[in-house]
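Here the numbering used here is used: the first residue of the sequence shown is 397, the next is one more, and so on.
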Amino acid sequence: MSKVLIAGGGLAGLAAAAALGGAGFEVEVFESRPFLGGRATSFPLSGEADSEVIDNCQHVLMRCCVNLLDFYQRLGVRDCIRFYREFYFLEPGGRISVLRRGRLPAPFHFIGSFLRMHCLDRRDKLGVARALMAMRRERTRRKDLDRISMLDWLLQKRQTPHAIDRFWRQILVSAVNENLECMAAIHGFQVFGLGFFARADSYEMGVPSIPLAQLYAGETWSRLRNVRFHFRSPVERVDAAGFVVAGERRVADHYICALPFERLESVGLPAPQFGHSPITGVHLWFDREITTLPHATLLDRTMQWMFNKDGGKYLLLVVSASRDLTPLSREEIVDIAIGDLRLYFPRVCDAKLVKAHVIKEQRATFAAAPDTERLRPTTDSGIANLYLAGDWTRTGWPATMEGAVRSGYMAAEWVAQAAGKPARFLLPDLA
Numbered sequence: 397m398s399k400v401l402i403a404g405g406g407l408a409g410l411a412a413a414a415a416l417g418g419a420g421f422e423v424e425v426f427e428s429r430p431f432l433g434g435r436a437t438s439f440p441l442s443g444e445a446d447s448e449v450i451d452n453c454q455h456v457l458m459r460c461c462v463n464l465l466d467f468y469q470r471l472g473v474r475d476c477i478r479f480y481r482e483f484y485f486l487e488p489g490g491r492i493s494v495l496r497r498g499r500l501p502a503p504f505h506f507i508g509s510f511l512r513m514h515c516l517d518r519r520d521k522l523g524v525a526r527a528l529m530a531m532r533r534e535r536t537r538r539k540d541l542d543r544i545s546m547l548d549w550l551l552q553k554r555q556t557p558h559a560i561d562r563f564w565r566q567i568l569v570s571a572v573n574e575n576l577e578c579m580a581a582i583h584g585f586q587v588f589g590l591g592f593f594a595r596a597d598s599y600e601m602g603v604p605s606i607p608l609a610q611l612y613a614g615e616t617w618s619r620l621r622n623v624r625f626h627f628r629s630p631v632e633r634v635d636a637a638g639f640v641v642a643g644e645r646r647v648a649d650h651y652i653c654a655l656p657f658e659r660l661e662s663v664g665l666p667a668p669q670f671g672h673s674p675i676t677g678v679h680l681w682f683d684r685e686i687t688t689l690p691h692a693t694l695l696d697r698t699m700q701w702m703f704n705k706d707g708g709k710y711l712l713l714v715v716s717a718s719r720d721l722t723p724l725s726r727e728e729i730v731d732i733a734i735g736d737l738r739l740y741f742p743r744v745c746d747a748k749l750v751k752a753h754v755i756k757e758q759r760a761t762f763a764a765a766p767d768t769e770r771l772r773p774t775t776d777s778g779i780a781n782l783y784l785a786g787d788w789t790r791t792g793w794p795a796t797m798e799g800a801v802r803s804g805y806m807a808a809e810w811v812a813q814a815a816g817k818p819a820r821f822l823l824p825d826l827a
């Protein structure tokens, strides 16, 4: 059976390994770190054996992420994803608006709950409704969506500042990890097209019920015994003759480079000229329960999302496209987070902060700016038997876990084709 070497143990490399391993290929994955998952992983707070394990940031998915769910199914961990039907929009002062599907079929399934949302007034809702109808019409007709920003499009549709900040921004910045003024409109269209229009349940948000690293731990690969991992083994060079690892040449029949795009030049490959967009996660532990909500999007403040990680005492706050937080110290960010939480959850005022941890992912994703799509490389590297994978390749998705898995499946299909055993791994989008 053909042998395949994969550089990088992030989601793209793991998806390729799972697909090819399931098809009978002999696969070896080289990862520079002692664990798998890339930017979607977890780690212990300290070096002690019983140290608490935390995710580097809260990673979520939607039911429209069909390839990511297929990947979890291959590893036998799909049941570890808990799905939620409600999105909670929380205003300063504590008032809650809930967006959930009703009995009407898609794309009309949100009408009832949308009309009852307190955080938007009548003018906001009318504007949003008109824009959503325009989005459905223009999604396949308009040809400039990758060249204009999402904010430009929203302003063309005369969205109110209130609607932009409390509806569009809250949903899209977290989904694409980019500010509306810097985000190519095509990505915003895709989020709503697949997550809100395609199927009545496609918007449902999935949150892993176990630490991210456990989703790809060694035991999950037991059914794919022809997949082997080499940890603390960074690939030093990639070329037509194979990989160089620790000064030693490794050869196989086919190769997949699934490294972050900023690492390509260091291994001898051309790198696309993208910018980065950061994500900041703020982990807070209190001495008492702060909230019973499982999650909420926090309106009008710096912190964007709250996730209840442990009985309301451990909260994870997330800020996407967090460039403004980059120069701030840990203490400054924690102070902002506590100040924001006091506006939404009165119990914070009487609670004691037991500990806090701030994680800045400065290179969380590539910046999904206008005119970026044409810069994203295809799976074919131009070098014989070498294929590219990563959420930065031309997957048809922004830099998401679904995009990463799609790229891995696409690379696996190229390998299967080159090996004379064509196979389909990539699942089509819902719509």
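All C-beta atoms, glycine included, are put in the ideal place defined by N, C-alpha and C. As the structure is a prediction and not an experimental result, all values here were calculated from the model.
Spell out the partners DSSP gives residue i in its beta bridges.
i: arginine 633; result: Val640
i: tryptophan 701; result: Thr693 and Val714
i: leucine 401; result: Glu424 and Tyr651
i: isoleucine 567; result: According to DSSP, which records beta bridges pairwise, isoleucine 567 is partnered with nothing at all.
i: phenylalanine 762; result: His672
i: proline 440; result: Val449
i: glutamate 757; result: Ile675
i: histidine 626; result: Phe426
i: isoleucine 606; result: BP columns for isoleucine 606 are empty, so no partner.
i: valine 494; result: Tyr484
i: phenylalanine 682; result: Leu749
i: serine 509; result: Per DSSP, none; premise fails for serine 509.
i: leucine 457; result: Gly602
i: aspartate 776; result: Tyr783
By a C-beta neighbour count over all protein chains shown, 10 Å radius and 16 as the cutoff for buried, is residue i buried or exposed?
i: valine 569; result: buried
i: glutamine 758; result: exposed
i: leucine 407; result: buried
i: valine 631; result: buried
i: alanine 654; result: buried
i: lysine 817; result: exposed
i: valine 744; result: buried
i: isoleucine 507; result: exposed
i: glutamine 566; result: buried
i: aspartate 517; result: exposed
i: leucine 441; result: exposed
i: methionine 397; result: exposed
i: leucine 551; result: exposed
Is the distance from the Cβ of residue i to the Cβ of residue j below 9 Å?
i: leucine 464; j: isoleucine 652; result: no
i: isoleucine 729; j: leucine 737; result: no
i: leucine 680; j: alanine 752; result: yes
i: phenylalanine 585; j: glutamate 534; result: yes
i: aspartate 649; j: valine 400; result: yes
i: glycine 409; j: glycine 804; result: yes
i: cysteine 453; j: isoleucine 732; result: no
i: alanine 819; j: alanine 636; result: no
i: aspartate 451; j: leucine 608; result: yes
i: phenylalanine 762; j: alanine 795; result: yes
i: alanine 596; j: alanine 502; result: yes
i: proline 656; j: glycine 434; result: yes
i: isoleucine 686; j: alanine 765; result: no
i: valine 634; j: leucine 782; result: yes
i: asparagine 622; j: glutamate 809; result: no
Roughly how far, in whole angstroms, is the beta-carbon of residue i from the beta-carbon of residue j, given that I think they are within contact range, below 8 Å?
i: serine 725; j: threonine 676; result: About 12 Å; that fails the 8 Å criterion.
i: tyrosine 740; j: leucine 457; result: That belief does not hold up - the Cβ atoms of tyrosine 740 and leucine 457 are roughly 25 Å apart, past 8 Å.
i: glutamine 555; j: alanine 530; result: So it is not a contact: roughly 11 Å between Cβ atoms.
i: arginine 772; j: threonine 789; result: 6 Å
i: valine 462; j: leucine 826; result: 7 Å
i: phenylalanine 703; j: leucine 749; result: That pair is no contact at about 17 Å.
i: arginine 459; j: glutamate 600; result: 5 Å
For chain D, is any of its Cβ atoms less than 9 Å away from the one on residue i?
i: glycine 614; result: Reference to chain D is not applicable here, since this structure consists of a single protein chain.
Review point. Given 8 Å as the limit, is there contact between the region 463 to 480 and the region 558 to 570, that is, 3 or more CB pairs closer than that?
Key: no
Review point. Between the region 601 to 609 and the region 472 to 484, are three or more C-beta pairs nearer than 8 Å?
Key: yes
Check your understanding: Should the region 631 to 644 be called in touch with the region 791 to 808, which here means at least 3 C-beta pairs below 8 Å?
Key -> no
**Study point:** the region 544 to 555 in contact with the region 567 to 582 per 3-pair CB rule at 8 Å
**Key:** yes
Exercise for review: Report yes or no: do the region 496 to 503 and the region 679 to 698 share at least 3 C-beta pairs separated by less than 8 Å?
Suggested key: no
Review point. Counting pairs of Cβ atoms below 8 Å between the region 615 to 632 and the region 422 to 439, do you hit three or more?
Key: yes
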